[in-house]
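Notes follow the structure.
Residue numbers (the working numbering): 3 to 203.
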């Protein structure tokens, strides 16, 4: 067994572990900061909704969190990729971290793009009768008023992105059989819902 030359100290594993621990702690701290920044980020692109209209402005506020969540997902994987590229260590471990991070970045970027497109698109106004309400899914039937013209009734289901406090305040009329007006994103997410007055329930 070869002997160490005088004046050369043996490597100190505890010191390496301490350095690695600090690097991981810094990575975790940066990730948390980036996630918080993404969740609090205000709209950075123009809305497809007319923000001068109160209903459409409420829709835009309800839809934007989709992009915030997608950006938060992106921020989970971006620091890990930078860590895998910049840090020293076993090549196999770095490759594994980089591969997982790249996959996560690809998926998160996909959702960021489609959520931004959804926010920038003009919302669709849908009027219909509530046929079912199950948690955050609402189904509407519409077209019944045009049966004379030969149109058949259509039922569509949407995801409710309306804030919980607004839904709690609408419990008296967001129920089966009531006629409502909703603003829907291209992804089928409802950002605004209101009762239609003057329609027999």
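For each residue, glycine too, the CB sits at the ideal point set by N, CA and C. Since the model is a prediction, treat every value here as computed from it, not as a measurement.
**OP:** Could you tell me the distance, in whole angstroms, from the CA atom of residue 175 to the CA atom of residue 157?
**Re:** 19 Å
Original post:
Out of 25, 27, 45 and 35, which has the shortest C-alpha to C-alpha gap to residue 121?
Top reply: 45
Subject >> Residue nearest to residue 119 in terms of C-alpha spacing, selected from 192, 66, 135 and 130 >> reply: 66
**OP:** Report the partner residues of residue 135 according to the DSSP bridge assignment.
**Re:** 140
Original post:
Where does residue 185 sit, in a helix, a strand or coil, going by DSSP?
Top reply: strand
Subject >> Where the beta strand (DSSP E) containing residue 179 begins and where it ends >> reply: No beta strand (DSSP E) contains residue 179, which DSSP labels as neither H nor E.
Original post:
Going by C-alpha distance, which of 183, 170, 180 and 187 is nearest residue 161?
Top reply: 187
Original post:
Which partner residues of residue 194 appear in the DSSP bridge assignment?
Top reply: 185
Original post:
In or out: residue 139 buried (at least 16 other Cβ within 10 Å) or exposed?
Top reply: exposed
**OP:** For residue 191, I'd like the list of residues in its chain whose CB is within less than 6 Å of its CB, leaving aside the five on either flank, ordered along the chain.
**Re:** 161 and 163
Original post:
Is the region 97–104 touching the region 32–52, taking contact as three or more C-beta pairs under 8 Å?
Top reply: no
Original post:
Thinking just about the alpha-carbon of each residue, which of 71, 92, 169 and 154 is nearest to the one in residue 115?
Top reply: 71
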